[in-house]
Every structure is written in C-alpha cells, then in structure tokens.
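The block underneath contains the structure these notes are about, expressed in structure tokens.
Protein chains: 2
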Amino acid sequence: MVRMPESRPYHHGDLRAALLTSAERTLRTRGTAALSLRELARDTGVSHAAPGRHFKDKQALLDALALTGYDRLAQTLDAADDPALPLEARLTALARAYLRFAIDNAALLELMYARKHEPDTSEQMAAAVDRTVGSLHRLIADAQQRGEIVPGDPDQITLVAAAALHGTATLTANAMLTPEAALNGVDALIHHLLHGLKPR
Amino acid sequence: MVRMPESRPYHHGDLRAALLTSAERTLRTRGTAALSLRELARDTGVSHAAPGRHFKDKQALLDALALTGYDRLAQTLDAADDPALPLEARLTALARAYLRFAIDNAALLELMYARKHEPDTSEQMAAAVDRTVGSLHRLIADAQQRGEIVPGDPDQITLVAAAALHGTATLTANAMLTPEAALNGVDALIHHLLHGLKPR
DNA sequence: ACAGCATTGTAGTCAGCGCCTACATTGAGG
DNA sequence: CCTCAATGTAGGCGCTGACTACAATGCTGT
Numbered sequence: 001m002v003r004m005p006e007s008r009p010y011h012h013g014d015l016r017a018a019l020l021t022s023a024e025r026t027l028r029t030r031g032t033a034a035l036s037l038r039e040l041a042r043d044t045g046v047s048h049a050a051p052g053r054h055f056k057d058k059q060a061l062l063d064a065l066a067l068t069g070y071d072r073l074a075q076t077l078d079a080a081d082d083p084a085l086p087l088e089a090r091l092t093a094l095a096r097a098y099l100r101f102a103i104d105n106a107a108l109l110e111l112m113y114a115r116k117h118e119p120d121t122s123e124q125m126a127a128a129v130d131r132t133v134g135s136l137h138r139l140i141a142d143a144q145q146r147g148e149i150v151p152g153d154p155d156q157i158t159l160v161a162a163a164a165l166h167g168t169a170t171l172t173a174n175a176m177l178t179p180e181a182a183l184n185g186v187d188a189l190i191h192h193l194l195h196g197l198k199p200r
Numbered sequence: 001m002v003r004m005p006e007s008r009p010y011h012h013g014d015l016r017a018a019l020l021t022s023a024e025r026t027l028r029t030r031g032t033a034a035l036s037l038r039e040l041a042r043d044t045g046v047s048h049a050a051p052g053r054h055f056k057d058k059q060a061l062l063d064a065l066a067l068t069g070y071d072r073l074a075q076t077l078d079a080a081d082d083p084a085l086p087l088e089a090r091l092t093a094l095a096r097a098y099l100r101f102a103i104d105n106a107a108l109l110e111l112m113y114a115r116k117h118e119p120d121t122s123e124q125m126a127a128a129v130d131r132t133v134g135s136l137h138r139l140i141a142d143a144q145q146r147g148e149i150v151p152g153d154p155d156q157i158t159l160v161a162a163a164a165l166h167g168t169a170t171l172t173a174n175a176m177l178t179p180e181a182a183l184n185g186v187d188a189l190i191h192h193l194l195h196g197l198k199p200r
C-alpha cells in the first residue's frame, strides 16, 4: 500500500505553537466555551490525541494561552509608558493602553484572570502578573520620588491605581461598559484618581 | 421494619428552587466547571432530563443563578449603606460589604459578571446591575449635593468609585490579592480615592 | 553508518456531558 | 369525571476530555 505522497509529514514540526495560534484565533472569534481540543486538532490536521503530547490537559493549554497573553500585555504596557510625559498624561496613556488591550482581547483577558490555573503554572502566572503591574509600579515610584504623588507605601498606592484601571478594564471586557464609554471616561478617571473626589 | 413507601412523589413539588439551591452549593464548593446538569439531577433525585423542564439549557440555569446573586448583592449593599455616617466612613462600609460578598461568593460573582448570558435574560441582568450600582450612585449623589464631593456628572463620578471597588473585588475574587490584603487596604483605598494621589 | 531510544504522532476506547424525542404520571379546571 | 397542560422518566445521539497501545520519526553515541 503506497503512501499518499502529499500527506502531511508524520511529525508536524511545531504542533505546540500551531495549536496555541489556532486556539487564540478560536478564542477571539468564538469565545472560550467554543474551544475544544478535538476541534483544535482537526483544524490543525492532526489526530485528536496529538495535543496531549504538548498539553497534559485542556487547562494546561489554557494556562499557556494566558501566559502568552501576559507577555503581550506586558509588552504593550511597557511600550505605552513614556517616562518623559508629565504625570497625568503618562498615567492616562498607560490606562488607555490597558483598556485597548482589554477591549481587543476580552476573552483572553478572562482566561488570564481566571483563578483555576494548575498549581505548577500558578507561580509563572504570579510572576507574569507582577511583570504586568511593573509598569504602573515604576510610574508610581517615579512620581513619588519627585513629590508628585503623596508619600506612603508605594505598593499600596499602586494597588489603588491598579484597582481603578483593572475595574474599568473588566467592566468593559464584561460588556457592562461600552468600549466608547470606557475610553471616553479615561481622562476623567485619571483626573479624579489624582485629584480626589473631595473638593479642594 | 416496614418498607418505607416514601419514594418521592412523581412530581417534585419545587424542582426549580431545589436545582438552584443545589447548584449554588456545588458552585461554592467545587466551582463553575464542576457544575453539570446531570449531576445536579442525580443529587436532587430526579431523572437527567428533568431540569430541562425548568431551564431550557445550562446557560439558562447559570443566568438564573446569577440573578439570585444580584438580588443578594443588592440586598447586602443596601443593608450596608448607612446614610447617617460621614462620607468616608459611609463609603468605606459600602466597599467592605462589597468586598466581603466578593470573597464569600467568588464563583458566583464570576457568573454574574460573565458576558455570555442569553439575550432574553440580558436585560434583566442589566437591570440587576443598575440596582446593584444604585447604592453607590445614591451615596455619591447625596455627598455631591452636600458639597462633599466635587461637582460634575454624577454618573461619571460613580463610575470612578465603582471601577476602584470593582477592581479590588475582582482582583480578590481571582486570587491576585489575598482577602486579608484587600480588606486591610480598603481604608487606604477609599482615603486615596477621596483625597487623591497628588499631594495637596 | 547505524542501533537504540526518547519524542511525537495515530487509532481506538471509555465515561460523562448537553440536548433531543417519545412516553408516563400527575393535578387542575370545564 | 375527563380532558389536557405541566412535569417527570427512559433512551439515545453526537460531542467532549482523557487514557491506552502502538507506529513513525529523528537525535545521539559509537
């Protein structure tokens, strides 16, 4: 029995990467719930058990997907942070970048923030989160050093800012706030965050 | 010993409520992913198709569950808001109540904020969200009227506060912040929110 | 060059799931 | 009382994730 000449080689080459790419595509177009390992395998032209060689179970693939998301987010935020800008503008730009990411990658963000990662990847996840918050933390620390932000535990201050941004982002990603409303509200959000809600 | 002729009657009586109760129990103890209609039916002692009479599909049950969650949350927040308190204390109490709910009902909260509700329930969902934010909105409007909060679109101001609280709550529910850290940070969060991050 | 072996693919199977349909039991209203 | 809608049961379909045994491949040491 002769082998079909134009059949894919037995070994895919880089199945792991192909699966991740295809998975993110599905994630973006049809949501997390529509992601099935078997369909992923079919789309990639391999047997239904092949993904198991690269991801011990479905959660492992989702974790890997989340990690790539953190990489992209950290990179995005890093690129968006311009230390030369005055404080309010700098913070606004960072917030905008985060919001954009949240809007453009809602399903991925949901995955990144899901609290069901496997134990062995949860430390990588924590590190990724730290890296992500890093940009904001640096910004706060810089401003504090210049006396442009109140003194106090920088972690605590960062948390306040992070919570406000994260809240806006998740509200938007979960469709409780339209992208337009969120983006339009960013300036006011940052302004109020810096100047406070109480009259001065 | 006489054979107990007490095999459950053919008709359950209030299967819908029983399913919701059992579902929330599973949700709390084993998470959303572990929730199966068939297991739910088994636990409740009915056939695997019986739930279909009360919920047209799994999502319908999840939606119903989310709605009860909103009811409880709105009630909790309403009870926690004491208009007699001075602004900062009043806001702090509200924030604490929200955080407590988020910590105690992490999985349920995830369901409430998931953006995959069926179209026909999404309006009820939106109304529920409005009702939930109502407490905060009233608080802000009150304070604004007394001149204790800067003038401006009250919706916009509410959004700032809501984002900060929501951010803290989701960070905690997603285990990116320990419950202790979150609760300890509430006072500082509200303080900074009211007084701003910039020095005065 | 090539044998040995870990890696990475395939094929088949299993139990569990959501959902569907056909049928049985029940209680309430004409 | 008798119908009939509501609510439960039984069975089945196609899908899923996970497991296993086996086959093809390519790397590594000699």
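Residue numbers (UniProt numbering), protein chains in the order written: chain C, 1 to 200; chain B, 1 to 200. Cβ coordinates follow ideal geometry from the N, Cα and C atoms, glycine included. If you're wondering where the values come from, they're calculated on a predicted model, not measured in any experiment.
Check	Outcome
Of the listed residues Leu171(C), Ala93(C), Gly147(C), Glu123(C), nearest to Leu136(C) (C-alpha basis)	Ala93(C)
Counted within 10 angstroms of its Cβ, other Cβ atoms place Arg3(B) as buried (16 or more) or exposed	Bear in mind that the predicted position of Arg3(B) carries a pLDDT of just 31, short of 50, making it unreliable; the figure below should be weighed with that in mind. Label assigned to Arg3(B): exposed.
Contacts that Leu165(C) makes with chain B (C-beta to C-beta distance below 9 Å)	Ala163, Gly167
Residue burial classification, Pro51(C) (beta-carbon count within 10 angstroms, cutoff 16)	buried
Through-space distance from Lys58(B) to Leu183(B), alpha-carbon basis	34 Å
Continuous alpha helix (DSSP H) stretch holding Asp120(C): start and end	119 to 145
Nonlocal neighbours in the same chain, by C-beta distance under 8 Å from Ala79(B), ignoring five residues either side	Ala97
Entirely enclosed alpha helix (DSSP H) segments - the segment 10 to 79 of chain B, minimum 4 residues	15 to 30, 37 to 44
Supposed contact pair Gly69(C) and Met112(C) - C-beta distance, whole angstroms, cut 8 Å	5 Å
Minimum Cβ-Cβ distance from Thr29(B) to chain C less than 8 Å	no
For Leu197(C) and Val150(B), believed in contact at Cβ under 8 Å, the rounded distance	6 Å
Within-8 Å CB hit, Pro9(C) to chain B	no
Separation of Asp155(B) from Asp187(B), as counted between CA atoms	23 Å
Exposure label - Thr132(B); buried when at least 16 CB within 10 Å	buried
Amino acids of chain C, ordered along the chain, whose beta-carbon sits closer than 7 Å to that of Ala175(B)	Arg115
Residue 257(C) versus Thr178(C) - alpha carbon distance	There is simply no residue 257(C) to check, as chain C begins at 1 and stops at 200 in what is shown.
Reduced DSSP secondary structure (H/G/I, E/B, other) of Thr168(C)	helix
DSSP three-state assignment for Met112(B), whether helix, strand or coil	helix
Within 8 Å of chain C by C-beta, residues of the UniProt domain "HTH tetR-type" (13 to 73) of chain B in sequence order	Gly31, Ala33
Neighbour-count burial assignment, Thr76(C), 16 or more Cβ in a 10 Å radius	buried
Three-state secondary structure (DSSP) of Thr178(C)	coil
Distance, Gly147(B) Cα to Leu85(B) Cα	15 Å
Rounded C-alpha distance that separates Gly31(C) from Gln145(C)	43 Å
Counted within 10 angstroms of its Cβ, other Cβ atoms place Asp81(C) as buried (16 or more) or exposed	buried
Terminal residues of the alpha helix (DSSP H) in which Asp104(C) lies	87 to 104
Whole-angstrom C-beta distance between Ala23(B) and Leu15(B), which should lie under 8 Å	Not a contact, Cβ separation roughly 12 Å.
Exposed unless 16 or more other CB atoms sit within 10 angstroms - verdict on His11(C)	exposed
Chain B within 8 Å of His137(C), Cβ atoms only	no
Cutoff 8 Å: Thr178(B) Cβ touching any chain C Cβ	no
Contact with chain C by Ile103(B), beta-carbon distance below 8 Å	no
Test: Gly185(B) CB closer than 8 Å to a CB of chain C	yes
Counted within 10 angstroms of its Cβ, other Cβ atoms place His166(B) as buried (16 or more) or exposed	buried
Against chain B: residues of the segment 80 to 101 of chain C by CB proximity under 7 Å	none
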